[in-house]
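The block underneath contains the structure these notes are about, expressed in structure tokens.
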Amino acid sequence: MNHSHEPLIHIAKRDGIVWWKSWLIRLTGVVLALIVSALFIYGISKLDPLKVYGAMWDGAFGTSKRAWVTIRDTMMLLCIGIGLAPAFMMRFWNIGAEGQILVGGCATAAVMIYCGNAMPTWIMLVIMFAASCVSGAIWGLIPAIFKAHWNTNETLFTLMMNYIAIQLTNFLVSKWESPPGSNAVGVINLNTQSGWFPSILGQQYLLNVLIVLALAVVMFIYLRSSKQGYEIAVVGESENTARYAGISVKKVIIRTMAISGAICGVAGFVNVAGAAHTISTEVAGGRGFTAIIVAWLAKFNTFVMILIAALIIFLQKGAIQIASQFNLNDYASNVVTGIILFFILGSEFFINYEIRFRGGKS
Amino acid sequence: MAEEYAIRMVNITKAFGTKVIANNKVHLDLKKGEILSLLGENGSGKTTLMNMLSGIYFPDSGQIFVDGQEVTIASPHDAFELGIGMVHQHFKLVDVLTAAENIELGLPGKAVVDRKAIAAKIKEICDRYGFIVDPAKKVYDMSVSEKQTLEIVKTLYRGANVLILDEPTAVLTPQETERLFTVMRNMKADGKSIIIITHKLHEVLEISDRVAVLRKGEYIGDMLTADADAQKLTDMMVGRAVALNIERAEPKDLVERLRIRHLTVKDADGITRLDDINLDVNGGEILGIAGISGCGQKELLEAIAGLQPTEEGSSILYFPEGQEEGEELIGQNPRTISDMGVKLAFVPEDRLGMGLVGSMDLTDNMMLKRYREGRGIFADRKPPHKLAEDVVAALEVVTPSIETPVRRLSGGNVQKVLVGREIAMSPAVLMSAYAVRGLDINTSYTIYRLLNEQKKKGVAVIYVGEDLDVLLELCDRIAVLCGGRLNDIVDGRTATKEEVGYLMTYLKSPEEKEGQA
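Protein sequence lines, in the order shown, are assigned to chains E and X. Plus 339 on top of the position in the first sequence (first one is 1) and you've got my numbering. Plus 11 on top of the position in the second sequence (first one is 1) and you've got my numbering.
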């Protein structure tokens, strides 16, 4: 009996890969992405792709102000990625960052509106930080408690919590709207700048950077070296092993999601008090989902996340710039962003799997 | 002349990888209209053989004849075209669908399902053989026995003439078993041929016409049930004793460590997994636990480890060194047991799914049970790193480095890492489940040596095993579980393989136990 139908192409999971090979694959991915994007740009617009890339760079870092906005937005995305890291490391699919950011932002805006001008800014910052932490943590705790005690599906639960947060934000916007009838809150404390992040060394966004980088360092150490970080890794790998080792799986799920939600709440605080100075659903604006890519691509290493968040924000800024500069449609620039992300994500496949051809060495 | 055999399997060989030969040149004949019992210990290759009939596995070599015609069964679909239906141990039903929907699922048909016609056909099958199935009932509302009935009706609905039942009685109560046997006899009277896989000798004797026996992947033989008795079948199943020359020191200075009383465990479905177990475990001896798999071994060890909820009235007392008073372990969890100062080492059956974390390196795995040690919020990785190096050196673990994820080590080395860690905690009680499963000879002997060293140190060693030869040469006492009950405790030095094999498969009645005592 002969029934060996060896397929032409065989996909096999790699046992492991040396670090330089994995970075070589990623680099190849980026280069290929740039080539394919160039062909695409030339194909539809007959523009010189190099000029278009130049414009992208210009859009992100062309002026000092643009560079700072790019950095600010990178920090915002990074902050959410840091928040998601412990949850995803525990294999808890927290796709509720969006909602956790919004409630954190709402709490911050509430402090700015009700306590604004009544106390020094630094006290307000502390209160806003605490309020955003607590509200984000609550938003993360609710699905975690249900998961721990009744094994509900956290993916659906956290997703639905997003919609509650969006409606809550819309309700608060209509309550706080200014001027009346605008259906927007407008800039809070425009004249006094009470509760706004102060400029440090003349840089408006330096405090954003300092807060988020501090979180990155703390989270890195927490996940790598603390006992709780170890518990998170064990629970994420196997709940059975965790129970065997005497780890209370329920406690770890609840505690970790409180931390995850709290940091996402802080992202809302950083955005409202440190950048937008207003509250709307745009405070999250889909970043809670984009940050999932950041967290996973970096394999929960918060320093690698800085690189990935910067790349994604760079692409977004560049896309906006080429759209306006060359009169390209918004969609064209989104296609370029999409191509680049596709190749970067695709290179992860080639890092984890290898392709063997029939007759090749096994 | 009409073909006498419904199924003939000739010279069937199936290997998994290069090491494990699940079936080696196995023959199996099934006559038309007969009930054939397929008997064998765990890992003897029964289910593998049947999976090749039902199209789940494909044989490496050999021939299969159905009704005298040689056939190729490459998929479950081929099997069902040939009229072969299998009811697996783990039911393959969709919980949220009704009985009728599960039966219809996957069959060709029109876009609109004619529920009335299906229900009528189901009713006809039920009436003919004596099944009770409510076509509108959802599977998640069904008892285990109802699900099994549905699985059988499903195969008949698809026109099966040959039915394969993989340990159908394992999940049934005696009354449900009786009902199953009644419909099996009805099916037989209707000309269907049935293969039943079972470990329970009395059921073999009660239901089947003929018995075929497999042992370690080899076909041992078959006999008419009329000529068979429990002892003959046991002898065929376990084979002759093989001398392994495992060293066994005389136990000395025995001290009671664990006193298990009235231990009863029910699983999530309410099925009794352990029934009123009374057992003493002593320091300084190796206590073997024998039994067909799934007879409560896992529940027993996990109950001691604090991982298994138990029924009211259960008690496991732990006697620390030099104390008269026992401490109750029931109601504790692994953490509180450890906090009580009970040094309980546990080498579970599922090494990478429970005992170790596959994606972590050796150091991180060494600290699994002691990562809390030391003050402060940070885990100290220096002692576990040292321990990992020590274990690698002492047990000759083959690994590229201490930083290699344990998942990438071979099975034997994984087990050395796990056993090494558990022994390093200087346990008072060391429990191991299937500690040498899948290991090569050398590693197996290393494990036996380690267990013996622990015994000499006065540790209470519990060894759950499946190979009777090993159990008889390694253990001082052997407790034999049968269907969740403690059937008997025998002396490892004097007991015979046949005796233990018989105890594993034939539950003694209370009267027999009385007579013995």
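Just so it is clear, CB atoms sit at the ideal spot from N, CA and C, and this is done for glycine as well. Nothing here was measured: the structure is a model prediction, and the numbers come from that model.
Exercise. Alpha carbon to alpha carbon, how far is residue 548/E from residue 684/E?
Worked result: Just so you know, the alpha carbons of residue 548/E and residue 684/E end up roughly 27 Å apart.
Exercise. Does DSSP put residue 71/X in a helix, in a strand, or in coil?
Worked result: Coil.
Exercise. Helix, strand or coil: how does DSSP classify residue 262/X here?
Worked result: coil
Exercise. For the candidate residues 428/E, 512/E and 433/E, whose alpha-carbon lies nearest to that of residue 574/E?
Worked result: 428/E is the residue among 428/E, 512/E and 433/E whose C-alpha sits nearest the C-alpha of residue 574/E.
Problem set entry | Cβ-based burial, residue 349/E [other Cβ within 10 Å; buried from 16] | exposed
Exercise. Between residue 149/X and residue 159/X, what straight-line distance do the alpha-carbon atoms span, to the nearest angstrom?
Worked result: 14 Å
For this session: Using the Cα positions of residue 296/X and residue 469/X, report the straight-line distance between them to the nearest angstrom.
Result: 7 Å
Exercise. Which residue or residues does DSSP assign as beta-bridge partners of residue 349/E?
Worked result: Looking at the DSSP assignment, residue 349/E forms a beta bridge with 695/E.
For this session: Answer with yes or no whether the minimum CB distance from residue 244/X to chain E is below 7 Å.
Result: no
Exercise. Taking the continuous beta strand (DSSP E) assigned at residue 24/X, which residues delimit it?
Worked result: 16 to 27 is the extent of the beta strand (DSSP E) around residue 24/X.
Exercise. Leaving out the 5 sequence neighbours to the left and right, which residues in its chain are closer than 8 Å to residue 340/E when beta-carbon positions are compared?
Worked result: With a pLDDT of only 42 at residue 340/E, under 50, the local geometry of the prediction cannot be trusted, and no value is derived from it.
For this session: Classify residue 665/E as helix, strand or coil using the three-state DSSP reduction.
Result: coil
Exercise. Where in the region 213 to 255 of chain X do unbroken runs of the beta strand (DSSP E), each at least 3 residues long, occur, reported from the N-terminal end onward?
Worked result: 221 to 226 and 229 to 235
Exercise. If residue 156/X sits next to residue 187/X, beta carbons under 8 Å apart, how far is it from one beta carbon to the other, in whole angstroms?
Worked result: 4 Å
Exercise. Secondary structure at residue 540/E, three-state DSSP: helix, strand or coil?
Worked result: Looking at residue 540/E - three-state DSSP - the assignment turns out to be coil, as it is neither helix nor strand.
For this session: List the residues of chain E that residue 388/X touches, going by C-beta distances under 8 Å, in chain order.
Result: 565, 566 and 567
Exercise. Under three-state DSSP, which class holds residue 62/X?
Worked result: If DSSP states are grouped into helix, strand and coil, residue 62/X belongs with the helices.
For this session: Look up residue 478/X in the DSSP assignment and say whether it is helix, strand or coil.
Result: Residue 478/X carries a coil assignment under DSSP once its states are collapsed to helix, strand and coil.
Exercise. So, using beta-carbon positions, are residue 710/E and residue 448/E closer together than 7 Å?
Worked result: As displayed, chain E neither begins before 340 nor continues past 701, which places residue 710/E out of reach and without an answer.
For this session: Could you check the C-alpha separation between residue 58/X and residue 86/X for me, to the nearest Å?
Result: 16 Å
For this session: Would you verify that the beta carbon of residue 346/X is, or is not, closer than 7 Å to some beta carbon of chain E?
Result: yes
For this session: Please compile the residues from chain E whose C-beta is within a distance smaller than 7 Å of the C-beta of residue 370/X.
Result: 576
Problem set entry | Buried or exposed (CB count within 10 angstroms, at least 16 for buried), residue 289/X | exposed
For this session: Please say whether residue 399/X and residue 373/X have beta carbons closer to each other than 7 Å?
Result: yes
Problem set entry | Per-residue DSSP class, three states only, for residue 338/X | Reduced to three states, the DSSP call for residue 338/X is strand.
Exercise. Span of the beta strand (DSSP E) holding residue 159/X?
Worked result: First-last for residue 159/X: 155 to 168, but that is the alpha helix (DSSP H), not the beta strand (DSSP E).
Exercise. Does the beta carbon of residue 379/X come closer than 7 Å to any beta carbon on chain E?
Worked result: yes
Exercise. Nearest to residue 479/E by alpha carbon, out of 462/E, 465/E and 426/E?
Worked result: 426/E
For this session: Kindly give me the distance between the Cβ atoms of residue 434/E and residue 628/E, rounded to whole angstroms, as I take these residues to be in contact under 8 Å.
Result: Correct: roughly 7 Å between the Cβ atoms.
For this session: Would you please verify whether the beta carbon of residue 573/E is less than 7 Å from any beta carbon of chain X?
Result: yes
Problem set entry | Contact list for residue 383/X against chain E, beta-carbon separation under 9 Å | 566 and 585
Exercise. Three or more C-beta pairs closer than 8 Å, one from the region 415 to 424 of chain X and one from the region 444 to 454 of chain X: is that the case here?
Worked result: yes
Problem set entry | C-beta neighbour in chain X for residue 580/E, strict 7 Å | yes
Exercise. Quick one: is residue 305/X near chain E, going by C-beta distance under 7 Å?
Worked result: no
Problem set entry | residue 604/X to residue 184/X span [Cα, whole Å] | The displayed coordinates of chain X run from 12 to 528. Any statement about residue 604/X would go beyond what the structure contains.
Exercise. If you run the structure through DSSP and keep just helix, strand and coil, what is residue 38/X?
Worked result: strand
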